[in-house]
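Here's the structure, in structure tokens; my notes come after.
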Amino acid sequence: MDRATSYVGCGAVLLALLLVSFARPCHSSLYRPPPPVMVYHAGEVLDGAVPISVLYYGAFSPHQKAIIADFLLSLSPRGRQPQHHGHVPGRGRGETLRAPNGDVGVDGMLINLAALLAGAVTNPYGHGYVQGDPGAPVEVGAACPGVYGRGAYQGYPGAVKLDMITGAGYNVVGRNGRKYLVPALVDPDTNSCIIMT
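If you use mature numbering (1 follows the signal peptide of the UniProt record, and there is no 0), the sequence shown corresponds to residues -28 to -1, 1 to 169, in order.
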């Protein structure tokens, strides 16, 4: 019985090797999901100067507070673009981006804050611009997940600018020359992900 089982096992392995050796490579491309469609649900959106109050919960150093304050003071009205300077082309696949301000916690928090602020402006009361069902909406800041630069796809943030000194990745420059990495947002007019530059 052991010998028969051994022959069956060897036969299965040989069959698998034979099938693999005759397999042809599959030519495929990266999956390109359909563009996110934002629908306006006739609700209010915020316009003009919007006051923002900051409440720090926990221990924040003066340096961390300065990074956050400069980010908030860098927000510009629609139609203006944050300033940007010369850059080094973006990183290739598999390389990890460094935090633009040297503080992973604060820089990560600002990525989320940017998306939340975009959602608060375009959908403050739940009936503004959203993708999908209004009962479970996807807002403009969440409709392009993981997109920070051109050519982004799952696991690759896209071509972002690199700080020549620190090697940190960023896509906008704000107040006091601070660099930030902010997510792409959906443009409701074109239903495409727009990347801040």
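Just so it is clear, CB atoms sit at the ideal spot from N, CA and C, and this is done for glycine as well.
Report the rounded CA-to-CA distance for residue i versus residue j, giving the unit in angstroms.
| i | j | result |
| --- | --- | --- |
| G30 | A41 | 16 Å |
| L88 | I137 | 30 Å |
| R65 | V22 | Unreliable placement is indicated for R65, whose pLDDT of 48 sits below 50; the coordinate value is still reported in the next sentence. One C-alpha to the other measures close to 38 Å. |
| V17 | G98 | 10 Å |
| G104 | A115 | 10 Å |
| L47 | Y125 | 27 Å |
| A86 | V93 | 11 Å |
Taking its Cβ as the centre, do 16 or more other Cβ atoms sit within 10 Å of residue i, making it buried, or is it exposed?
| i | result |
| --- | --- |
| P129 | buried |
| P34 | exposed |
| G121 | buried |
| L157 | buried |
| A14 | exposed |
| V9 | exposed |
| V26 | exposed |
What residues match up with residue i in a beta bridge as DSSP calls it?
| i | result |
| --- | --- |
| residue 177 | Since the first and last residues shown for the chain are -28 and 169, residue 177 lies out of range. |
| K133 | Y142 |
| Q103 | V110 |
| C165 | V158 |
| V11 | V102 |
Below 7 Å between beta carbons: does that hold for residue i and residue j?
| i | j | result |
| --- | --- | --- |
| P109 | V102 | yes |
| I167 | D159 | no |
| N148 | P7 | no |
| I39 | N73 | yes |
| G113 | G91 | yes |
| V154 | V145 | no |
| Q36 | V76 | no |
| Y152 | F43 | yes |
Shortest alpha-carbon distance to residue i belongs to which of the options?
| i | options | result |
| --- | --- | --- |
| T169 | V119, D161 and G127 | V119 |
| G100 | L27, A115 and Y12 | Y12 |
| L134 | L18, R70 and D19 | R70 |
| M81 | Y28, V9 and A124 | Y28 |
| T68 | R150, D161 and V132 | V132 |
| R150 | D161, L45, G107 and V93 | L45 |
Cβ of residue i less than 7 Å from any chain D Cβ?
| i | result |
| --- | --- |
| Y12 | No chain D appears in the structure shown, which is made up of a single protein chain. |
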